[in-house]
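Residue numbers (my numbering), protein chains in the order written: chain A, 310 to 631; chain B, 25 to 375.
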């Protein structure tokens with residue numbers, strides 16, 4: 310099922326300078342591939358760098374070091390404006406907050422057509438027709454075109470955000486917590502819409518989320534981040550059902566299952582402590598201060614991602630090196 | 025579970041209705057809710073945003089500004105005393121002492137200019153007339169109770185020096201300072217990461233067991249409910265649509281909305297992609313709620329009666345006879361005249 314690589318990330322880092330000699334390592338030496346047509350889930354707790362990584366892929370941030378390739382082409386560093394223009398059309402983003410991500414002073418029609426207008430994709434005659442098509446495709450009504458964002462509910466606004474992203478006919482869509490601001494009953498509507506559109510438009514998704522259950526169900530593969538680094542990656546099934554890295558195990562353990570019978574029978578091994586600071590991090594494994602299996606080596610040598618099970622499951626932990 | 029076997033409820037709310045006056049008309053946020061909280065139980069109140077779950081409990085705590093808020097009708101008896109209509113001064117004696125509350129966002133709920141020790145101690149001094157020295161001693165004990173490491177040095181720090189999970193522990197310590205009979209926890213883990221959420225939920229469970237306090241957990245997260253709740257009340261559009269033990273609600277939901285909610289959330293143990301089924305449409309506008317059942321417009325088994333008459337709370341049979349909690353469902357499908365073919369939608373949805 311896995312086909313060619315759409316995005317290749319190699320040793321990518323983003324360090325934000327806070328003060329002289331003080332750097333926040335938001336993303337640190339991340340290597341990850343996104344295959345064409347897949348949904349890759351990127352999970353981790355707040356502050357782990359998952360959104361920063363998403364924004365680096367769409368070139369909202371320029372990397373501190375490392376290389377980034379999109380469809381085989383190196384897009385690291387600053388891009389010439391003509392190349393950037395071409396690239397931006399193929400990669401679109403859906404944001405978490407459907408309230409702050411839509412301009413309140415623009416009509417829905419202008420919001421959806423803004424990108425195509427800038428690229429001259431639609432002729433004047435086509436414009437209304439295309440807007441109606443996308444509105445109806447995301448489950449809204451063509452007559453909504455001349456309304457303003459405040460006239461819509463959160464779920465409807467998220468549909469407008471999806472229509473805006475897809476009107477550009479992108480290849481890769483970065484969904485940054487696209488459902489976490491929505492109500493439970495509406496989340497499922499948006500998830501099913503995203504899935505239908507993926508099949509229909511042959512899209513590749515990077516699905517950034519903190520909801521482990523949702524990622525397990527909707528993603529093909531999942532990557533787990535902790536303090537700027539990927540600690541485990543593999544098929545969603547393997548990573549959730551057979552987590553290898555102690556942090557992934559802790560996440561799965563802490564994830565509540567909506568079934569009291571399961572919850573009652575569960576003995577939880579919870580990890581203590583909280584995520585440490587990403588400012589000038591110490592050498593060694595980032596998870597070492599909270600890890601129940603920590604060894605001396607963990608505090609001095611950073612573990613690298615390596616294959617831990619047959620297939621594509623990889624984890625970064627000294628325990629798993631044989 | 026015989027948590028309320030013949031016991032009297034601590035808190036008994038009957039037909040509570042709350043409205044808010046706005047420029048656009050009045051919003052009927054809570055539309056006649058009735059429920060009990062029994063000693064030592066964890067009652068989860070589940071519902072989506074705007075369903076009235078927070079307003080219900082803020083009303084009980086006297087935290088709704090009136091106007092624009094207004095209690096239209098109903099009573100809320102805590103130990104025989106009606107909380108509705110109490111003056112602010114009378115309410116102050118109850119708030120914090122008999123009823124404690126913690127909120128979703130611990131940073132905005134704490135005073136940034138006071139040390140956490142003073143914020144916890146304030147409650148003890150105020151409600152118990154304790155001296156500063158006594159209050160400090162008690163505060164240290166509370167910090168230990170909520171498992172804050174190194175309480176002796178942490179007591180003199182300010183909220184910004186604590187992480188989100190630690191701040192929520194401080195909030196819990198403040199709420200517990202006077203050993204309330206009922207602790208109302210309004211989305212206590214929503215702002216926290218999942219590993220920290222696990223720690224806070226375990227703490228709440230431990231406290232509820234150790235000091236035999238009743239906890240009302242207001243949440244939208246069915247996973248959290250499954251993890252800690254004894255009993256569940258499901259709210260929709262300002263009403264309680266179903267109540268019962270957590271086991272019953274999950275294994276045999278008896279209201280189409282509860283069934284819909286359960287199908288709408290992912291279960292990682294049943295990771296079939298087609299398993300997520302959304303509830304079509306959106307909740308009704310509470311400026312002018314529908315005449316009949318508020319869920320009728322989204323309900324797959326709606327009947328003619330549903331759109332014109334609001335359903336009463338029908339008693340639902342419990343499968344587990346050891347389970348003594350009351351089980352109600354506000355759905356016409358439980359009326360004896362409802363066609364069995366439609367009734368199966370609820371009764372067999374989860375078998």
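No residue lacks a Cβ here, since even glycine has one placed at the ideal position from N, Cα and C.
Paired residues, beta bridge with residue i - DSSP
i: residue 534 (chain A); result: A:539
i: residue 516 (chain A); result: A:350 and A:484
i: residue 403 (chain A); result: A:484
i: residue 383 (chain A); result: A:378
i: residue 23 (chain B); result: The displayed coordinates of chain B run from 25 to 375. Any statement about residue 23 (chain B) would go beyond what the structure contains.
i: residue 259 (chain B); result: B:264
i: residue 217 (chain B); result: DSSP, once it has assigned bridges, lists no residue as partnering residue 217 (chain B).
i: residue 372 (chain A); result: Residue 372 (chain A) pairs with nothing; no bridge assigned.
i: residue 334 (chain A); result: A:324
i: residue 125 (chain B); result: B:208
i: residue 36 (chain B); result: B:60 and B:101
i: residue 434 (chain A); result: Its beta-bridge partners do not exist; DSSP assigns none.
Residues of its chain near residue i, where Cβ-Cβ distance is below 7 Å and the 5 sequence neighbours each way are ignored
i: residue 214 (chain B); result: 128
i: residue 243 (chain B); result: 68, 70, 211 and 249
i: residue 598 (chain A); result: 582 and 585
i: residue 380 (chain A); result: 315
i: residue 680 (chain A); result: This structure leaves residue 680 (chain A) out entirely; chain A is present only between 310 and 631.
i: residue 593 (chain A); result: 607, 608, 609, 610 and 611
i: residue 322 (chain B); result: 303, 304 and 305
i: residue 151 (chain B); result: 120, 121 and 202
i: residue 184 (chain B); result: 136
i: residue 96 (chain B); result: 41, 42 and 43
i: residue 617 (chain A); result: 553, 623, 624 and 629
i: residue 376 (chain B); result: This structure does not reach residue 376 (chain B), given that chain B is present from 25 up to 375, and the question cannot be answered.
i: residue 78 (chain B); result: 210 and 242
i: residue 578 (chain A); result: 562
Status (buried if at least 16 other CB within 10 Å, exposed otherwise) for residue i
i: residue 372 (chain B); result: Unreliable placement is indicated for residue 372 (chain B), whose pLDDT of 47 sits below 50; the coordinate value is still reported in the next sentence. Result: exposed.
i: residue 20 (chain B); result: Nothing about residue 20 (chain B) can be reported from this structure: the residues present for chain B run from 25 to 375 only.
i: residue 556 (chain A); result: buried
i: residue 573 (chain A); result: exposed
i: residue 357 (chain A); result: buried
i: residue 104 (chain B); result: exposed
i: residue 438 (chain A); result: exposed
i: residue 360 (chain B); result: exposed
i: residue 303 (chain B); result: buried
i: residue 508 (chain A); result: exposed
i: residue 336 (chain B); result: exposed
i: residue 375 (chain B); result: Because residue 375 (chain B) carries a pLDDT of 33, less than 50, the predicted location of this residue cannot be relied on, and the following value inherits that uncertainty. Burial call: exposed.
i: residue 342 (chain A); result: buried
i: residue 135 (chain B); result: exposed
i: residue 32 (chain B); result: exposed
i: residue 531 (chain A); result: buried
i: residue 537 (chain A); result: buried
i: residue 235 (chain B); result: exposed
i: residue 428 (chain A); result: exposed
Presumed contact (8 Å Cβ cut-off) between residue i and residue j, rounded CB distance
i: residue 352 (chain B); j: residue 267 (chain B); result: 5 Å
i: residue 189 (chain B); j: residue 220 (chain B); result: 4 Å
i: residue 148 (chain B); j: residue 199 (chain B); result: Wrong, their Cβ atoms sit about 12 Å apart, outside the cutoff.
i: residue 522 (chain A); j: residue 564 (chain A); result: 6 Å
i: residue 567 (chain A); j: residue 246 (chain B); result: 4 Å
i: residue 417 (chain A); j: residue 453 (chain A); result: 6 Å
i: residue 524 (chain A); j: residue 401 (chain A); result: About 20 Å separates the two Cβ atoms, so there is no contact after all.
i: residue 217 (chain B); j: residue 355 (chain A); result: 6 Å
Residues near residue i by beta carbon distance below 8 Å, same chain, minus five either side
i: residue 353 (chain A); result: 359, 519, 533, 534 and 535
i: residue 383 (chain A); result: 376 and 377
i: residue 325 (chain A); result: 332, 333 and 335
Own chain residues within Cβ distance below 6 Å of residue i, not counting five before or after
i: residue 287 (chain B); result: 301
i: residue 378 (chain A); result: 317
i: residue 385 (chain A); result: 376 and 377
inquiry  = With three or more beta-carbon pairs closer than 8 Å as the criterion, would you say the segment 39 to 51 of chain B touches the segment 221 to 238 of chain B?
reply    = no
Practice item. Flag this pair as touching only if the segment 429 to 438 of chain A and the segment 503 to 521 of chain A have three or more C-beta atom pairs under 8 Å; answer yes or no. Key: no
Does the pairing of the segment 579 to 592 of chain A with the segment 497 to 514 of chain A give three or more beta-carbon distances under 8 Å? no
Original post:
Would you call the segment 410 to 420 of chain A and the segment 377 to 394 of chain A touching, i.e. three or more CB-CB distances under 8 Å?
Top reply: no
**OP:** Report yes or no: do the segment 485 to 499 of chain A and the segment 254 to 261 of chain B share at least 3 C-beta pairs separated by less than 8 Å?
**Re:** no
For the segment 88 to 108 of chain B against the segment 67 to 78 of chain B, are there 3 or more C-beta pairs whose distance is under 8 Å?
no
**Prompt:** Okay, do the segment 361 to 375 of chain A and the segment 324 to 340 of chain A touch, 3+ Cβ pairs below 8 Å being the bar?
**Reply:** yes
Check: Is it a yes or a no for the segment 153 to 161 of chain B touching the segment 169 to 177 of chain B, going by three-plus beta-carbon pairs under 8 Å?
Finding: no
- Does the count of Cβ pairs from the segment 489 to 508 of chain A and the segment 458 to 469 of chain A closer than 8 Å reach three? yes
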